[in-house]
Amino acid sequence: MTASIVRPLSVPYADTRADQLALVIDGPELPYLARQDLAVAGIVVSMRLLGASHQIVVEGSRTLSETVACLPEANAALPSDLTRDGFQFRSEITAPDGPTFAALVDDLIRRADRANGSCLIGRFPREPHAVTAIFADVSTTVAVWETWHTYPQDTQIVHTRSEFRIAS
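For what it's worth, the numbering used here labels the leading residue of the sequence shown as 5, then goes sequentially.
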């Protein structure tokens with residue numbers, strides 16, 4: 005298994021907002037800036053950073069893609085809760101104070117050091133607290149991942165948690 009990845013991203017931070025994110029399930033695979041795969045028993049969870057967005061692609065006996073991004077074709081806001089066909093998605097937007105916001109981002113980076121290949125974090129140049137972080141876990145029956153998208157200009161954090169039942 006490869007080491008956890010904290011990647012400096014080569015694109016500038018774009019001042020998007022948390023409320024601009026949308027969820028697309030089983031959409032097309034998008035070009036990515038960084039990728040980390042986690043594989044267990046023929047199941048692959050591919051964590052992909054799309055700048056201030058993410059895409060997860062699960063391949064196994066069942067497949068799924070989840071994209072959380074600012075996409076022009078997505079006309080609905082990010083849902084707080086969605087369940088369908090063995091897939092469960094939850095999201096929450098919070099706005100902690102500045103020190104709490106910075107501490108959370110710093111904690112994500114520290115957690116990456118202990119994640120043993122199961123995470124991918126992108127950091128933007130000149131914005132140390134602008135990150136997109138993905139932490140995943142996969143077994144022979146279920147894949148679970150959590151993401152954090154941070155917006156330092158508003159001290160907003162979008163946290164998502166997804167679970168996909170691969171087998172019964």
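Backbone N, C-alpha and C define an ideal beta-carbon position, used for all residues, glycine too.
Among Arg94, Ala26, Gly102, Val148, whose alpha-carbon lies nearest the alpha-carbon of glutamine 157?
Gly102
Which ranges does the beta strand (DSSP E) cover as unbroken runs of at least 3 residues, wholly within the region 71 to 107, from first to last along the chain?
85 to 88, 91 to 98
Measure the Cβ-Cβ separation of leucine 75 and alanine 140 and say whether it is below 7 Å.
Taking 7 Å as the Cβ cut-off, leucine 75 and alanine 140 do not qualify as a contacting pair.
Starting from the Cα of tryptophan 149, find the closest Cα among Arg127, Gln160, Thr67, Phe93 and give me that residue.
Phe93
Are any of the Cβ atoms in chain D nearer than 7 Å to that of proline 156?
Of the chains in the structure shown, none is chain D; there is only one protein chain.
Please classify threonine 87: is it buried, with 16 or more other beta-carbons within 10 angstroms of its beta-carbon, or exposed?
exposed
With distances taken from CA atoms, which of Gln160, Cys123, Ala119 is nearest alanine 38?
Cys123
Got a sec, what are the start and stop residues for the beta strand (DSSP E) isoleucine 138 sits in?
131 to 142
What does serine 50 pair with, by DSSP beta-bridge criteria?
Asp41, Val61
Kindly confirm or deny that the region 61 to 73 and the region 22 to 35 touch, where touching means at least three C-beta pairs closer than 8 Å.
Result yes; three or more Cβ-Cβ pairs closer than 8 Å.
If contacts are defined as beta-carbon pairs under 8 Å, then leucine 135 and leucine 112 qualify, I think. What distance do you get, rounded to the angstrom?
Residue 135 is actually valine in this sequence, not leucine. Confirmed, Cβ separation roughly 6 Å.
Quick one: what's got a C-beta closer than 6 Å to arginine 52's C-beta in the same chain, skipping five residues either side?
Here arginine 52 has Tyr36, Arg39, Gln59 as same chain residues with Cβ atoms under 6 Å from its own Cβ, once five neighbours each way along the sequence are excluded.
What does DSSP give as the partner residue(s) for leucine 27 in the beta ladder?
Val72
Does the distance from the CB of valine 49 to the CB of valine 142 come in under 7 Å?
Cβ distance < 7 Å, so valine 49 and valine 142 count as in contact.
Between which two residues does the beta strand (DSSP E) harbouring alanine 147 extend?
146 to 155
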